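Colleague: Quick note: the sequence shown, position 352, residue 352 per the UniProt record's numbering, numbers continuous.
Got a structure for you, written out below as structure tokens; questions coming shortly.
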Amino acid sequence: MAVVLAISVLLLGCALISGWTRGAWLTAPMVFVTGGLVLGPAGIGVLDGTVPGQVVRVLTEATLVLVLFSDAVRIDLGALRRDYHLPIRLLGVGLPLGAALGALLAFGLLPSLGALGAVLLSAVLIPTDAALGESVVADERLPGRIRQGLNVESGLNGGLVLPVVVVLSAMVGNLEDAAESVPDWALMTGQEVALGLLMGVAAGALGGRALLLADRAGWINSTYRRLFPLALAAVAYTSAEAVQGNGLLSAFAAGLLFGMAARSDREFVHQFTEHEGELVSMLTFLLFGALVIGPRLGDVDPQVVLYALLNLVVVRPLAVAVATLGIRFRLETVLFLGWFGPRGLASIVFALMVVEQVGTATSDRILVAVGVTVLLSVYAHGITDMPWTRAFARRSQELPSSAPENTEVAEHPRRWHNPHRPRER
């Protein structure tokens, strides 16, 4: 009961100051991670070992299912084909280059991981979470090309990296356990990825078609229409898990196909994720602070901290700088794109998934490194989000219309639906 009371009081407090935080150097993830650290074993101990690890895993994984599905739905692939230049550079060049640089850095600073473990850690930390830099994707005073480039990148990179994380986790686990032969391991991993994709494609395409037919026949009302995408995401996840496929990958694939089959219903997905999705995400950050990173602060050493810092301030900015060569962006634009790639929800869930699949000292070390990186990202990106976005927006408005930053692109909805213009202070 004390756990429920503590979480409820924190939610009430956040609700009361939510309007003020829109214009302050304070974000909801910062509040909930701090609340988790205070309430967890590292603080007063209200949230401790009495909360089963299975509860943490179920909540975090369910949240990521919702996020992967809704992110995939909100990206208009047709519009992306027309305005592909910056997102394709960030995903096609920046993502693999960042993964390679992160792996080299991990291998040098954390040699106990080994080569495969270093690559796995880097892959887990590749996905970005735009919710940690909310103003960056919400402030319409920013050039649309920059805003939407980061928005699309954040919406797709988690799903694109997921198969790599699944395969690498299986490889690391097999090498350390040696319980299965290589052919058996490869077959099981390939089956998990293939069945996850297959079930997701089937669920998304059939679900989108069924919704269109029901809508045309007048069989569905607005209330249940809003619930339909949530149920479809759950069907995609559970059906894949039932046949030994990867449920997270299935949810992402289902979102892509549902978005293509039922384009007019993207609005209903956004209406759900605006409130319920944000709530479960914040609860995940609370549990992250209390039960993931808080109890492991004693395992943090200088090498892990240095890796986390360099991953945030060197690896991604350098990868983005290479990816944007030739576009002729201003230096500040390149730095802005490079900095605002915060690590959040996907990295947390991927790390917990690695611990479950690998279950060795390597996975524990990966979890600590991911935890420290996400912790630093929550605060560093949260603090710099509002001031740099405002300053960058002011300077961007002085650019000529012919500047590369001002190239017109299609608008993709951001994760938490209604864009807001940050309050001037």
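Ideal Cβ positions, reconstructed from N, Cα and C, are used throughout, including at glycine.
Just so we're clear, the structure is a prediction, and the values are computed from it rather than from any experiment.
(1) First and last residue of the alpha helix (DSSP H) that includes His85?
(2) If I measure Cβ to Cβ from Gly19 and keep anything under 8 Å in the same chain, skipping five residues before and after, which residues do I get?
(3) Exposed or buried, Met199, counting other C-beta atoms within 10 Å across all chains shown (16 or more means buried)?
(4) Runs of 4 residues minimum, wholly inside the segment 271-300: which ones carry the alpha helix (DSSP H) assignment?
(5) Where does the unbroken alpha helix (DSSP H) through Thr223 begin, and where does it stop?
(6) If we count the other Cβ atoms within 10 Å of its Cβ and call it buried at 16 or more, is Gln148 buried or exposed?
(7) Going by the CB atoms, is the gap between Ser377 and Gly344 shorter than 8 Å?
(8) Give the straight-line distance between the Cα atoms of Thr373 and Thr333, rounded to the nearest whole angstrom.
(9) Using DSSP with H/G/I as helix, E/B as strand and the rest coil, what is Asp184?
(10) If we ignore side chains and look at the alpha-carbon of each, how far apart do Ala100 and Ala351 end up?
(11) In angstroms, rounded to a whole number, what distance separates the CA positions of Asn406 and Pro143?
(12) Report yes or no: do three or more beta-carbon pairs, one from the segment 279-291 and one from the segment 185-203, lie closer than 8 Å?
(13) At which residues does the alpha helix (DSSP H) containing His381 begin and terminate?
(14) Distance, Cα to Cα, Asp48 vs Ala290?
(15) Is the CB-CB distance between Val354 and Thr63 below 8 Å?
(16) Count the other CB atoms, across all protein chains shown, that sit within 10 Å of the CB of Asn221; report buried if there are 16 or more and exposed otherwise.
(17) Taking Phe258 and Gly196 to be in contact with their CB atoms under 8 Å, please state how far apart those CB atoms are, rounded to whole angstroms.
(18) Go to Phe340, then tell me how far its alpha helix (DSSP H) extends in each direction, as first and last residue.
(19) Could I get the ranges of all uninterrupted alpha helix (DSSP H) runs contained in the segment 120-190, with 4 residues as the minimum, in chain order?
(20) Does the Cβ-Cβ distance between Ser70 and Gly277 come in under 8 Å?
(21) Enumerate in chain order the residues of its own chain whose CB-to-CB distance from Leu212 is below 6 Å, with the five nearest sequence positions on each side excluded.
(22) Assuming Ala103 contacts Val119 (C-beta within less than 8 Å), just tell me the rounded distance between them.
(23) By DSSP, does Leu246 sit in helix, in strand, or in coil?
(24) Reducing DSSP to helix, strand and coil, say where His417 ends up.
(25) Quick one: using the 10 Å Cβ neighbour count with 16 as the cut-off for buried, is Ser402 buried or exposed?
(26) Considering Met30, what are the terminal residues of the alpha helix (DSSP H) in which it resides?
(27) Could you tell me if Tyr224 is buried or exposed, where buried requires 16 or more neighbouring beta carbons within 10 angstroms of its beta carbon?
(28) Throw me the rounded Cβ distance for the Val409 and Arg145 pair, which I believe falls under 8 Å.
(29) So, with DSSP's three-state summary, where would you put Leu198?
(30) Rounded to whole angstroms, how far is the Cβ of Ser154 from the Cβ of Ala130, which I believe are closer than 8 Å?
(31) Are three or more beta carbon pairs between the segment 309-325 and the segment 90-100 nearer than 8 Å?
(32) Measure the beta-carbon distance from Leu116 to Leu168 and round it to whole angstroms, keeping in mind my assumption that it falls under 8 Å.
(33) In angstroms with no decimal places, state the Cα-to-Cα distance between Val58 and Glu356.
(34) Using 7 Å as the cut-off, classify the Cβ of Ala123 as near or not near the heavy atoms of the ligand GTP, replying yes or no.
(35) Taking the alpha carbon of Val165 as the point to measure from, which residue in Ala186, Leu121, Tyr84 has its own alpha carbon closest?
(36) Output needed for Leu335: all residues of its chain with C-beta closer than 8 Å, excluding positions within five of it in sequence on either side, in chain order.
Modeller: Well, looking at it:
(1) Sequence index remark: in the sequence shown, residue 85 carries index 85 (1-based). Segment 85-89, the alpha helix (DSSP H) holding His85.
(2) Here residue 19 is taken as the residue at index 19 of the sequence shown, counted from 1. Correct list: empty, nothing qualifies.
(3) Numbered from 1 along the sequence shown, position 199 holds the residue referred to as residue 199. Met199 should be labelled buried.
(4) 278-287
(5) Position 223 of the sequence shown holds residue 223. Residues 222-242.
(6) Here residue 148 refers to the residue found at position 148 when the sequence shown is read from its first residue. Gln148 should be labelled buried.
(7) Start at 1 with the first residue of the sequence shown, and residue 344 comes out as number 344. Start at 1 with the first residue of the sequence shown, and residue 377 comes out as number 377. Contact annotation: Gly344 and Ser377 have beta-carbon atoms nearer than 8 Å.
(8) Position 373 of the sequence shown, counting from 1, holds the residue named residue 373. Position 333 of the sequence shown, counting from 1, holds the residue named residue 333. Answer to the nearest angstrom: the Cα atoms are 24 Å apart.
(9) Numbered from 1 along the sequence shown, position 184 holds the residue referred to as residue 184. Asp184: helix per DSSP, three-state reduction.
(10) Looking up residue 100 in the sequence shown gives position 100. Looking up residue 351 in the sequence shown gives position 351. The alpha-carbon atoms of Ala100 and Ala351 are separated by roughly 18 Å.
(11) Counted from its first residue, the sequence shown places residue 406 at position 406. Counted from its first residue, the sequence shown places residue 143 at position 143. Rounded to whole angstroms, Asn406 to Pro143 spans 6 Å at the Cα level.
(12) no
(13) Position 381 of the sequence shown, counted from the first residue, corresponds to residue 381. Segment 361-396, the alpha helix (DSSP H) holding His381.
(14) Residue 48 sits at position 48 when you count from the first residue of the sequence shown. Residue 290 sits at position 290 when you count from the first residue of the sequence shown. Approximately 7 Å between the Cα atoms of the pair.
(15) Mapped onto the sequence shown, residue 354 falls at position 354. Mapped onto the sequence shown, residue 63 falls at position 63. Going by C-beta atoms, Val354 is not nearer than 8 Å to Thr63.
(16) Here the question's residue 221 lines up with position 221 in the sequence shown. So Asn221 ends up on the exposed side.
(17) The sequence position of residue 258 within the sequence shown is 258, counting from 1. The sequence position of residue 196 within the sequence shown is 196, counting from 1. Actually they do not touch by this definition, with Cβ atoms about 16 Å apart.
(18) Against the sequence shown, residue 340 aligns to sequence position 340. It is not in any alpha helix (DSSP H) - Phe340 carries neither H nor E in the DSSP assignment.
(19) Listed in chain order, they are 134-138, 144-177.
(20) Reading the sequence shown from its first residue, position 70 is the one you call residue 70. Reading the sequence shown from its first residue, position 277 is the one you call residue 277. Their beta carbons are under 8 Å apart, which means Ser70 touches Gly277 by this criterion.
(21) Residue 212 sits at position 212 when you count from the first residue of the sequence shown. Excluding sequence neighbours, Leu212 sits near Ala262.
(22) What you label residue 103 is simply residue 103 of the sequence shown in a count that begins at 1. What you label residue 119 is simply residue 119 of the sequence shown in a count that begins at 1. With a Cβ gap of about 4 Å, Ala103 and Val119 count as contacting.
(23) Your numbering for residue 246 matches position 246 in the sequence shown. Note that residue 246 corresponds to Asn in the displayed sequence, not to Leu. Note: Asn246 maps to coil in three-state DSSP.
(24) Your numbering for residue 417 matches position 417 in the sequence shown. Model confidence at His417 stands at a pLDDT of 48, short of 50, so the residue's coordinates are unreliable and nothing is read from them.
(25) Counted from its first residue, the sequence shown places residue 402 at position 402. Ser402 comes out exposed.
(26) Translated into positions along the sequence shown, residue 30 becomes position 30. Segment 28-39, the alpha helix (DSSP H) holding Met30.
(27) What you label residue 224 is simply residue 224 of the sequence shown in a count that begins at 1. Exposed, by the Cβ-count rule.
(28) In the sequence shown, counting from the first residue as 1, residue 409 sits at position 409. In the sequence shown, counting from the first residue as 1, residue 145 sits at position 145. That pair is a contact at about 5 Å.
(29) Translated into the one-based positions of the sequence shown, residue 198 becomes position 198. Helix, per DSSP.
(30) If you number the sequence shown from 1, residue 154 lands on position 154. If you number the sequence shown from 1, residue 130 lands on position 130. That belief holds up - the Cβ atoms of Ser154 and Ala130 are roughly 4 Å apart, short of 8 Å.
(31) yes
(32) Translated into the one-based positions of the sequence shown, residue 116 becomes position 116. Translated into the one-based positions of the sequence shown, residue 168 becomes position 168. The pair is a contact, with the Cβ atoms about 7 Å apart (cut-off 8 Å).
(33) Here residue 58 refers to the residue found at position 58 when the sequence shown is read from its first residue. Here residue 356 refers to the residue found at position 356 when the sequence shown is read from its first residue. Near 12 Å, if we compare the C-alpha coordinates of Glu356 and Val58.
(34) For the structure depicted, the ligand GTP is absent and the ligand set is empty, with no information on it obtainable.
(35) Translated into the one-based positions of the sequence shown, residue 165 becomes position 165. Comparing Cα-Cα distances from Val165 to each of Ala186, Leu121, Tyr84, the minimum goes to Leu121.
(36) Within the sequence shown, numbered from 1, the residue matching residue 335 stands at position 335. The answer, listed in chain order, is Pro317.
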